[in-house]
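Colleague: Protein chains in written order, with our numbering: chain A, 34 to 431; chain B, 267 to 446.
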């Protein structure tokens, strides 16, 4: 799928025109159109992609890349979120579109990220950047979906309201701010229905985009296969995988997508089985190597998060209650969804806190002996505006 | 004054005298080529100029046409250069993809669907600020960006005139490279 990644700046939006691996390059480098020197922040980009750097934790064997932007800018860290997301999406087989007319989806995000690729809260002048994006969005075809990830910022809600108004009739989806690997997983999930709809002649489109179908099918199959492998590997809980907090396998094309494909393509006799997807993301908070849960209580950066895999749409794989498990972080996939936690977790943990990434964190009390079984009631609306409530189950057992 | 039949008139004599004087001036100029050469201080200032600074056409002409001035300019440039290579050693043919310049290594990475990249491996040198590359009468001086992970990367984008020139010169084994 061809994706247009927008890098909004206060001077106007830039786009990623190319992102390609360059074997032999000692370090990743970023260039702007018309300039042969690397950009001033190319060194920071090189460190983001370097072996042992934040991106290489999510994308093993990440080769040095050449990044090309439509224009240049001098300072700031707002490029980090869109570039990290572009890497994650391209690692899943997508490609970059250089112009809005070529794109099959538009991705708009901004902000600095931390070592876990989670957005850092700050004042990113989102409203100003969105205003400056108006001309670019006007070039976007009306059927092309726009995905927006707004970092925690004072004007995030105002910016979202403005963007919705600006998008006019174009489909705009807001994805909750989260570590970029989770955002990429949600994007895959959200793009699959759009892809299936685009490929389905029975959906009432005047011009069915048959040309996209092989690419969409490949994405669905590839994601399902990766999901199956990921779930299998996570269930085995190998230490190697625990060191790679890649939550992608948990979020697969939603069930509706699989059924649409099966119904709409009579030639597809063996459609890929849809992987489970949930309306919340549950992550285990574990003490980093060399640290412990007491330290995590006071120094949140001493913790690492591992996404919990799904057994089915409403049940997560039970977690192991052990000393290194410090707590649980829960975050709705859709930013507008609300949830309440019922069961043992509330009593077994300290008062929940909401982190900068929007996840609600429950740090377990020190002397926990019993198994913790709890439910999460998620309420929100479906895409058609109907109220929808799901109950999701998870247990922490010895 | 009387003129005989067939002798040139006074106007012709005047023209011949002027042509003779002009030839003498031109011959003197050829006999003393250093008369218009830049002084040492001028040349030294020109060697140390910042990339992108206005160039002096007189000094450039002197460097290209006067062998002594050209040699002096190159000697000065080599004296302040961190690394210098007058030509590529052991190049099998005219096109090269990798060459050593003093302690540094210059490498060209080609790709089928993307502009080539020129990588300067610093090999322990802290920083370079300028690169000058020359071949024959063609000469290019570039400001270099800050290194990352011990290397400086330049894009040899054919759409950029300077980058296209750099691409052509860097591939030529006869090119002289100074890294400042």
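Cβ atoms here follow ideal geometry from the backbone N, Cα and C, with glycine treated the same way.
Bear in mind the structure is a predicted one, so any value in this text is a computation, not a measurement.
Return the Cβ separation of residue 404(A) and residue 428(A) in integer angstroms, given the expectation that the two are a contact with Cβ distance under 8 Å.
Modeller: Taking the first chain and counting its residues from 1, the one referred to as residue 404(A) is at position 371. Taking the first chain and counting its residues from 1, the one referred to as residue 428(A) is at position 395. Contact holds; Cβ gap of about 6 Å.
Colleague: Under 7 Å Cβ to Cβ from residue 381(A), same chain only, skipping five residues before and after it: list those, please.
Modeller: As a working mapping, residue 381(A) is identified with position 348 in the first chain. Hits under 7 Å: 397, 398, 401 and 405.
Colleague: With distances taken Cα to Cα, identify the nearest neighbour of residue 149(A) among 165(A), 170(A), 342(A) and 333(A).
Modeller: On the first chain, position 116 is the one that residue 149(A) refers to. Ranking 165(A), 170(A), 342(A) and 333(A) by Cα distance to residue 149(A) puts 333(A) first.
Colleague: Quick one: any contact between the stretch 353–369 of chain A and the stretch 383–397 of chain A, if contact means 3 or more CB pairs under 8 Å?
Modeller: At 8 Å Cβ cutoff, the stretches touch.
Colleague: Which residues share a DSSP beta bridge with residue 352(A)?
Modeller: In the first chain, the residue the question calls residue 352(A) occupies position 319. Its beta-bridge partners are 429(A).
Colleague: Relative to chain B, which residues along the stretch 53–75 of chain A have a C-beta separation below 9 Å, given in chain order?
Modeller: Taking 9 Å as the Cβ-Cβ cut-off against chain B, the residues of the stretch 53–75 of chain A that qualify are 53, 55, 56, 57, 58, 59, 60, 61, 62, 64, 66, 67, 68, 69, 70, 71, 72, 73 and 75.
Colleague: Counting only beta-carbon atoms, is residue 406(B) nearer than 8 Å to chain A?
Modeller: Sequence index remark: in the second chain, residue 406(B) carries index 140 (1-based). Judged by the 8 Å Cβ criterion, residue 406(B) is not in contact with chain A.
Colleague: Are the CB atoms of residue 111(A) and residue 63(A) nearer to each other than 8 Å?
Modeller: Looking up residue 111(A) in the first chain gives position 78. Looking up residue 63(A) in the first chain gives position 30. No, these two residues do not count as a Cβ contact at 8 Å.
Colleague: For residue 193(A) and residue 124(A), I'd like the C-alpha separation in whole angstroms.
Modeller: Position 160 of the first chain holds residue 193(A). Position 91 of the first chain holds residue 124(A). Computed Cα separation, rounded: 28 Å.
Colleague: What does the alpha-carbon distance come out to for the pair residue 147(A) and residue 185(A)?
Modeller: Reading the first chain from its first residue, position 114 is the one you call residue 147(A). Reading the first chain from its first residue, position 152 is the one you call residue 185(A). In a straight line, the C-alpha of residue 147(A) is about 13 Å away from that of residue 185(A).
Colleague: Just tell me which of 425(A), 96(A) and 201(A) has its CA closest to the CA of residue 81(A).
Modeller: Numbered from its first residue, the first chain carries residue 81(A) at position 48. Closest by alpha carbon: 96(A).
Colleague: Residue 428(B) touches chain A at which residues, Cβ-Cβ below 8 Å?
Modeller: The residue given as residue 428(B) occupies position 162 in the second chain. Neighbours of residue 428(B) on chain A, chain order: 69.
Colleague: Please list, in chain order, the chain A residues whose beta carbon lies closer than 9 Å to that of residue 416(B).
Modeller: Mapped onto the second chain, residue 416(B) falls at position 150. Residues of chain A passing the Cβ test: 59 and 60.
Colleague: Alpha carbon to alpha carbon, how far is residue 34(A) from residue 374(B)? Give it in angstroms, no decimals.
Modeller: Position 108 of the second chain, counted from the first residue, corresponds to residue 374(B). Position 1 of the first chain, counted from the first residue, corresponds to residue 34(A). Near 32 Å, if we compare the C-alpha coordinates of residue 34(A) and residue 374(B).
Colleague: Residue 83(A) touches chain B at which residues, Cβ-Cβ below 8 Å?
Modeller: Along the first chain, one-based indexing puts residue 83(A) at 50. 415, listed in chain order.
Colleague: Expressed to the nearest angstrom, what Euclidean distance is found between the alpha-carbon atoms of residue 210(A) and residue 313(B)?
Modeller: If you number the first chain from 1, residue 210(A) lands on position 177. If you number the second chain from 1, residue 313(B) lands on position 47. Near 54 Å, if we compare the C-alpha coordinates of residue 313(B) and residue 210(A).
Colleague: Name the chain A residues that come within less than 8 Å of residue 411(B), Cβ to Cβ?
Modeller: One-based indexing of the second chain puts residue 411(B) at position 145. 70, 71, 73 and 75, listed in chain order.
Colleague: Could you check whether the Cβ of residue 392(B) sits closer than 8 Å to any Cβ belonging to chain A?
Modeller: Within the second chain, residue 392(B) is the residue found at index 126, counting from 1. So no, residue 392(B) is outside the interface.
Colleague: Does the beta carbon of residue 285(B) come closer than 8 Å to any beta carbon on chain A?
Modeller: Numbered from its first residue, the second chain carries residue 285(B) at position 19. Answer no: the Cβ-Cβ gap between residue 285(B) and chain A never drops below 8 Å.
Colleague: Given this structure, state the Cα-to-Cα distance separating residue 59(A) from residue 72(A), to the nearest angstrom.
Modeller: In the first chain, counting from the first residue as 1, residue 59(A) sits at position 26. In the first chain, counting from the first residue as 1, residue 72(A) sits at position 39. One C-alpha to the other measures close to 16 Å.
Colleague: Taking 8 Å as the CB-CB limit, is residue 367(B) close to chain A?
Modeller: In the second chain, counting from the first residue as 1, residue 367(B) sits at position 101. Chain A contact via Cβ: absent.
Colleague: Does the beta-carbon of residue 353(B) have 16 or more other beta-carbons within 10 angstroms, so that it is buried, or is it exposed?
Modeller: The count along the second chain starts at 1 and reaches residue 353(B) at position 87. Exposed, by the Cβ-count rule.
Colleague: Out of curiosity, what's the CA-to-CA distance linking residue 45(A) and residue 167(A)?
Modeller: What you label residue 45(A) is simply residue 12 of the first chain in a count that begins at 1. What you label residue 167(A) is simply residue 134 of the first chain in a count that begins at 1. When rounded, the distance between both Cα atoms is 9 Å.
Colleague: Consider the Cβ of residue 385(B): report whether some Cβ of chain A lies at a distance smaller than 8 Å.
Modeller: Against the second chain, residue 385(B) aligns to sequence position 119. Interface residue, yes.
Colleague: Count the other C-beta atoms from every protein chain shown that fall within 10 angstroms of the C-beta of residue 417(A), then say buried if there are 16 or more, exposed otherwise.
Modeller: Walking along the first chain from the start, residue 417(A) turns up at place 384. Residue 417(A) is exposed by the Cβ-count criterion.
Colleague: Do you know offhand how far residue 274(A)'s Cα is from residue 339(A)'s?
Modeller: The residue you call residue 274(A) lines up with position 241 of the first chain. The residue you call residue 339(A) lines up with position 306 of the first chain. Annotation note: pLDDT 34 at residue 274(A) (below 50); position unreliable, coordinate value reported separately. Straight-line Cα distance between these residues: approximately 10 Å.
Colleague: Mark residue 352(A) as exposed unless 16 or more other C-beta atoms lie within 10 angstroms of its C-beta, in which case mark it buried.
Modeller: As a working mapping, residue 352(A) is identified with position 319 in the first chain. Under this definition residue 352(A) is a buried residue.
Colleague: Answer with yes or no whether the minimum CB distance from residue 126(A) to chain B is below 8 Å.
Modeller: Position 93 of the first chain holds residue 126(A). False, the Cβ-Cβ gap to chain B never drops below 8 Å.
Colleague: Using a Cβ-Cβ cut-off of less than 8 Å, list which residues of the stretch 384–400 of chain A approach chain B; keep chain order.
Modeller: Listed by position, the residues of the stretch 384–400 of chain A near chain B (Cβ gap below 8 Å) amount to none.
Colleague: What separation, rounded to the nearest whole angstrom, lies between the Cα atoms of residue 393(B) and residue 202(A)?
Modeller: To locate residue 393(B), count along the second chain from 1; it is residue 127. To locate residue 202(A), count along the first chain from 1; it is residue 169. Whole-angstrom Cα-Cα distance: 53 Å.
Colleague: Please list the terminal residues of the continuous beta strand (DSSP E) segment that includes residue 397(B).
Modeller: As a first step, residue 397(B) must be located in the second chain, where it is residue number 131. Its beta strand (DSSP E) spans residues 396–401.
Colleague: What first and last residue would you give for the alpha helix (DSSP H) that runs through residue 430(B)?
Modeller: For this step, residue 430(B) is matched to residue 164 along the second chain. Unbroken alpha helix (DSSP H) run through residue 430(B): 427–437.
Colleague: Compare the Cα-Cα distances from residue 43(A) to each of 421(A), 159(A) and 356(A) and report the closest residue.
Modeller: Working through the first chain from its first residue, we reach residue 43(A) at position 10. Looking at the Cα atoms, 159(A) is the closest of the given residues.
Colleague: Return the chain-ordered ranges of every beta strand (DSSP E) run that is complete within the stretch 340–394 of chain B and spans a minimum of 3 residues.
Modeller: Qualifying beta strand (DSSP E) stretches, in chain order: 349–351, 364–367, 370–375 and 382–387.
Colleague: Assign residue 416(A) to one of three DSSP states: helix, strand, or coil.
Modeller: Counting from 1 along the first chain, the entry for residue 416(A) is found at position 383. Reduced to three states, the DSSP call for residue 416(A) is coil.
Colleague: Would the beta-carbon of residue 346(A) fall within 8 Å of that of residue 411(A)?
Modeller: Position 313 of the first chain holds residue 346(A). Position 378 of the first chain holds residue 411(A). No; because the gap between Cβ atoms is not below 8 Å, this pair is not in contact.
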